[in-house]
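Per the working numbering, numbering through the sequence shown is continuous, rising by one, with the last residue being 212.
Just so you know, even glycine gets a beta-carbon here, dropped at the ideal spot from N, CA and C.
One structure is given below, encoded as structure tokens.
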Amino acid sequence: MKIAYVSSQKRGEADRLLSELADELNNNGFELRGIVKEASHSPIYQDGCDMSVRVLPDGAVIQITQNLGVGSEACRLDPSALAEAVAQVEQSSFENADLFILNKFGPEECAGRGFRSVMGKALEHGVPVLVGVGPASIPQFQAFADGLAISLPDDAVSLLDWCLTRS
């Protein structure tokens, strides 16, 4: 199984690295599937806890968080928007894909939902999977990957090297 993850103690670093990696690979002819954080998105909350994602290779940009109002500390994830992102990726063919990228193995994936089945579909087709994982979600991700995922350093060179040797 070809599955790896990147985690960082720096807030937003894995998102940035995966978005830039997707751009570089896409520009070099790689067939990508999955989602990455939309680099041009400007957070409206001080803590940066809102996000738009871009469906790969060149699909729609989807706002996956919702405005819960000033002072709200609840999770801003919009489950219906996430379901839309999952559906768009599921509609993609994995037959010619070189790589599947998921910006974040988050609470939905930890709970058995979200992109879990899509990652499984990619792996069934022999497509390498690269995932961003927050430090708190690493145990759940490792359980999902049955301990077979490799941890990659949070630097662009290591990520690119892994992708180039897996395709």
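Practice task
Mind the definition here: the segment 63-77 touches the segment 136-152 only if three or more C-beta pairs lie below 8 Å; say whether that holds.
Solution key: Because the criterion of three Cβ pairs below 8 Å is met, the segment 63-77 and the segment 136-152 touch.
Problem - Between the CA atoms of Q54 and D92 - distance to the nearest angstrom - result: For D92, the predicted model reports a pLDDT of 49, less than 50, meaning its position is unreliable and no value from the coordinates is stated.
Problem - Pair within 8 Å by beta-carbon distance, V106 and E83 - result: yes
Problem - Status (buried if at least 16 other CB within 10 Å, exposed otherwise) for A49 - result: buried
Exercise for the section: Counting only the same chain and skipping the five closest in sequence on each side, list residues whose C-beta sits under 6 Å from that of S182. Expected result: F150, C155, listed in sequence order.
Problem - Three-state class that DSSP yields for G177 in the structure shown - result: strand
Exercise for the section: Tell me the start and end of each unbroken beta strand (DSSP E) in the segment 126-208 that is at least 3 residues and wholly inside, in chain order. Expected result: 144-147, 174-177, 195-197
Practice task
State the Cα-Cα distance for the pair G192 and F186, rounded to the nearest angstrom.
Solution key: Using only the alpha carbons, I get a separation of about 9 Å.
Practice task
Mark V202 as exposed unless 16 or more other C-beta atoms lie within 10 angstroms of its C-beta, in which case mark it buried.
Solution key: Counting Cβ neighbours within 10 Å, V202 comes out exposed, since fewer than 16 surround it.
Handout entry: Beta-carbon gap between L23 and F160 smaller than 8 Å
Key = One cannot answer for residue 23 here, as it falls past the ends of the chain, which runs 46 to 212.
Exercise for the section: Label L62 either buried or exposed according to how many other C-beta atoms from any shown protein chain fall within 10 Å of its C-beta, with 16 as the threshold for buried. Expected result: buried
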